[in-house]
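A quick write-up on the structure given underneath.
Number of protein chains: 2
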Amino acid sequence: MTTDSQADPEPTSMRERILDVALDLFIANGYDGTSLREIAEKLGVTKAALYYHFASKEDILMALHMRLHAVGRSALAQLADGKVTVSQWRTLLDAVLEEMLSQRKIFLLHERNQAVFEKLHREDHVAEHEDIQDRFRKILSDPAVPLRDRVRMAASVGAVFGTLFMFRDAFGKEDDDRVGRFMRSSLDDILGLRVAAPTKR
Amino acid sequence: MTTDSQADPEPTSMRERILDVALDLFIANGYDGTSLREIAEKLGVTKAALYYHFASKEDILMALHMRLHAVGRSALAQLADGKVTVSQWRTLLDAVLEEMLSQRKIFLLHERNQAVFEKLHREDHVAEHEDIQDRFRKILSDPAVPLRDRVRMAASVGAVFGTLFMFRDAFGKEDDDRVGRFMRSSLDDILGLRVAAPTKR
DNA sequence: GTCTATATTTCGATAGAC
DNA sequence: GTCTATCGAAATATAGAC
Numbered sequence: 005m006t007t008d009s010q011a012d013p014e015p016t017s018m019r020e021r022i023l024d025v026a027l028d029l030f031i032a033n034g035y036d037g038t039s040l041r042e043i044a045e046k047l048g049v050t051k052a053a054l055y056y057h058f059a060s061k062e063d064i065l066m067a068l069h070m071r072l073h074a075v076g077r078s079a080l081a082q083l084a085d086g087k088v089t090v091s092q093w094r095t096l097l098d099a100v101l102e103e104m105l106s107q108r109k110i111f112l113l114h115e116r117n118q119a120v121f122e123k124l125h126r127e128d129h130v131a132e133h134e135d136i137q138d139r140f141r142k143i144l145s146d147p148a149v150p151l152r153d154r155v156r157m158a159a160s161v162g163a164v165f166g167t168l169f170m171f172r173d174a175f176g177k178e179d180d181d182r183v184g185r186f187m188r189s190s191l192d193d194i195l196g197l198r199v200a201a202p203t204k205r
Numbered sequence: 005m006t007t008d009s010q011a012d013p014e015p016t017s018m019r020e021r022i023l024d025v026a027l028d029l030f031i032a033n034g035y036d037g038t039s040l041r042e043i044a045e046k047l048g049v050t051k052a053a054l055y056y057h058f059a060s061k062e063d064i065l066m067a068l069h070m071r072l073h074a075v076g077r078s079a080l081a082q083l084a085d086g087k088v089t090v091s092q093w094r095t096l097l098d099a100v101l102e103e104m105l106s107q108r109k110i111f112l113l114h115e116r117n118q119a120v121f122e123k124l125h126r127e128d129h130v131a132e133h134e135d136i137q138d139r140f141r142k143i144l145s146d147p148a149v150p151l152r153d154r155v156r157m158a159a160s161v162g163a164v165f166g167t168l169f170m171f172r173d174a175f176g177k178e179d180d181d182r183v184g185r186f187m188r189s190s191l192d193d194i195l196g197l198r199v200a201a202p203t204k205r
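Protein sequences appear in the order of chains A and B. Just so it is clear: in the first sequence, position 29 is 33 by this note's numbering, and no numbers are missing. Just so it is clear: in the second sequence, position 15 is 19 by this note's numbering, and no numbers are missing.
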């Protein structure tokens, strides 16, 4: 659990090095658009070497998929069963935000290969665990929570994705801090948590 | 231009029938995860028959991609060059919203096959035209517009995607109208257009 | 653990009859 | 316009030496 940070300074094991390279290529060219030969070449080894570490190409994808399952686990665990309020949602989102940024590549991987992952999830009976998107979906489906709140919760997640993933390169990288602040501020507005302070024009 | 509605009641040409089937399969299993054999089988013909209507598999994808280019064209054309205000953005978004819903499958296709389309866009010198995402990105990159506004514009697009695509199945289909209203309301809040008379509150 | 083959499978694409 | 039959390419995966 100590070697899977986003940018391994010097990946310990060959297994981790393979995952790092595969992650980059799967993001850039897609899972199906990436061959094992490419991965091997970038590592300076041959295709066959990869099979010592992974049983199949799908196994590599699965290993990367597992990293997503860790995201938000503790934050979600603190959530008691039952109705979720917008206030709780805001807290949850804030906690998950940090993890999303530190695992940005993993989210990019999933965002850009959605169809592949859904097929994987459908065919492999493995992956009993729910990932963060499943958990979110389940919470937002709870009819006990007012529809208005659920819509705004969904919108808030979308807002995060819009600013941090879909259009992130529209903002200068040096503005990261300000972007983060502006985004959190808009989350408050979406969820109606703004404390009646007069908006400045 | 008369036959490409979202759900053709009875697709006129074989060409359209192929596109309809391919669209569904590309959404469900991904472009690379779908073989021409599958498409042909679902249509009750053979692979070879497809090649009478399309020169290649990529051509089928391209034809579907073109449908995206039509979305938001008129709305975007009305936008004068130069700085875009949040108010203009809100108007734009509202106009595009209708089209997004009527072309929902096309957006799903792109959302779920991002890596494939990027590769297509990179390799094919075709597609000189910009699609709606390119246009959005360009507007949001304009440094002449205050960063705060750009972040909120990006967040608003994300909010739309969150409610209408990412988590749409979390809401009952019978609540479509209410979801739409709640979402538009939250867009006003994100963009700070809630006219909150300055005297009150 | 990594290599050099090579096996196996699948798919996109083409040729030519009807 | 659709068929049968087949080609060629590329990718995953395996066998066995080192």
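Ideal Cβ positions, reconstructed from N, Cα and C, are used throughout, including at glycine. None of these values were measured; they are calculated from a predicted model.
Cross-chain neighbours of residue i in chain B, by beta carbon under 7 Å
| i | result |
| --- | --- |
| A:Thr167 | Val155, Ala158, Ala159 and Gly162 |
| A:Ser145 | Ala174 |
Rounded separation between residue i and residue j - CA only
| i | j | result |
| --- | --- | --- |
| B:Arg126 | A:Glu178 | 27 Å |
| A:Asp193 | B:Leu195 | 9 Å |
| B:Leu112 | A:Met170 | 15 Å |
| B:Glu14 | B:Arg21 | 9 Å |
| B:Val183 | A:Met187 | 23 Å |
| A:Leu197 | B:Gly76 | 33 Å |
| B:Asp181 | B:Gly48 | 38 Å |
| B:Met66 | B:Thr50 | 21 Å |
| A:Ala81 | B:Asp24 | 42 Å |
| B:Ile143 | B:Leu168 | 22 Å |
| B:Leu151 | B:Glu132 | 29 Å |
| A:Arg94 | B:Asp153 | 22 Å |
| B:Ala174 | A:Arg139 | 11 Å |
| B:Gly86 | B:Ala79 | 15 Å |
| A:Asp8 | B:Met157 | Legend: pLDDT at A:Asp8 = 47, less than 50; position of this residue unreliable, value from coordinates given subsequently. Taking the straight line joining both Cα atoms gives about 34 Å. |
| B:His98 | B:Ser160 | Checking the sequence shown, residue 98 of chain B turns out to be Asp, not His. In a straight line, the C-alpha of B:Asp98 is about 11 Å away from that of B:Ser160. |
| A:Asp128 | B:Phe121 | 26 Å |
| B:Ala74 | B:Tyr56 | 26 Å |
| A:Ser60 | B:Arg108 | 35 Å |
| B:Leu29 | A:Glu45 | 33 Å |
| A:Thr89 | A:Val149 | 8 Å |
| B:Ile64 | A:Ser17 | 43 Å |
| A:Glu134 | B:Gly37 | 23 Å |
| B:Val164 | A:Leu72 | 24 Å |
| B:Ser91 | A:Glu62 | 47 Å |
| B:Glu103 | B:Ser189 | 19 Å |
| A:Leu105 | A:Gln118 | 19 Å |
| B:Met70 | B:Val155 | 29 Å |
| B:Arg19 | A:Leu27 | 37 Å |
| A:Ala201 | B:Ser39 | Only weak support exists for where A:Ala201 lies, its pLDDT of 48 falling under 50; the coordinates are left without a value. |
| A:Ala53 | B:Ala84 | 57 Å |
| B:Arg185 | A:Lys123 | 33 Å |
| A:Gly176 | B:Pro147 | 9 Å |
| B:Leu191 | A:Phe58 | 46 Å |
| B:Glu42 | A:Val100 | 40 Å |
| A:Gly162 | B:Arg172 | 11 Å |
Element boundaries [alpha helix (DSSP H), containing residue i]
| i | result |
| --- | --- |
| B:Ala79 | Arg77 to Ala81 |
| B:Val49 | Per DSSP, B:Val49 belongs to no alpha helix (DSSP H) and is neither H nor E. |
| B:Gln107 | Here B:Gln107 belongs to no alpha helix (DSSP H), and DSSP marks it neither H nor E. |
| B:Arg198 | Segment: none, B:Arg198 is in no alpha helix (DSSP H) and carries neither H nor E. |
| A:Asn33 | Met18 to Asn33 |
| A:Glu14 | No alpha helix (DSSP H) holds A:Glu14; DSSP gives it neither H nor E. |
| B:Asp63 | Lys61 to Ala74 |
Partner residues on chain A for residue i, Cβ-Cβ distance less than 7 Å
| i | result |
| --- | --- |
| B:Met187 | Val155 and Ala159 |
| B:Met104 | Under the 7 Å cutoff, chain A gives no residues; its nearest Cβ is about 13 Å from B:Met104. |
| B:Asp193 | Asp193 and Ile194 |
Per-residue contacts from residue i into chain B (C-beta, under 8 Å)
| i | result |
| --- | --- |
| A:Ala119 | Phe30, Ile31, Ala32, Asn33, Gly34, Tyr35, Gly37, Arg116 and Asn117 |
Under 9 Å by beta carbon: chain B residues contacting residue i
| i | result |
| --- | --- |
| A:Leu151 | Phe175, Gly176, Asp179, Arg182, Val183 and Phe186 |
| A:Arg141 | Met170, Phe171, Asp173 and Ala174 |
| A:Ser17 | In chain order: nothing, as chain B lies at least about 27 Å away. |
Chain-ordered chain A contacts of residue i [CB-CB under 9 Å]
| i | result |
| --- | --- |
| B:Lys123 | Ala32, Asn33, Gly34 and Gly37 |
Residue i: CB within 7 Å of a non-hydrogen atom of the ligand MG
| i | result |
| --- | --- |
| B:Leu144 | As presented, the structure is devoid of all ligands, the ligand MG included, so that no description of it is given. |
Legend entry - Interfacial residues, the region 106-117 of chain A to chain B, with Cβ spacing under 7 Å: Going along the region 106-117 of chain A in chain order, one finds Glu115, Arg116 and Asn117 with a Cβ nearer than 7 Å to chain B.
Inset, instruction - Mind checking the region 35-68 of chain A against chain B and listing, in chain order, the residues whose C-beta falls within less than 8 Å of any C-beta there? - result: Within the region 35-68 of chain A, the residues whose Cβ lies closer than 8 Å to any Cβ of chain B are, in chain order, Tyr35, Asp36 and Gly37.
Legend entry - Any alpha helix (DSSP H) of 4 or more consecutive residues that is wholly inside the region 100-177 of chain A: As far as the region 100-177 of chain A is concerned, its whole alpha helix (DSSP H) runs of at least 4 residues are 108-116, 118-127, 136-144 and 151-165.
Inset, instruction - Would you list, in chain order, the members of the region 88-102 of chain A that have their beta-carbon closer than 8 Å to a beta-carbon of chain B? - result: Only those residues of the region 88-102 of chain A whose C-beta falls short of 8 Å from the nearest C-beta of chain B would be listed, and there are none.
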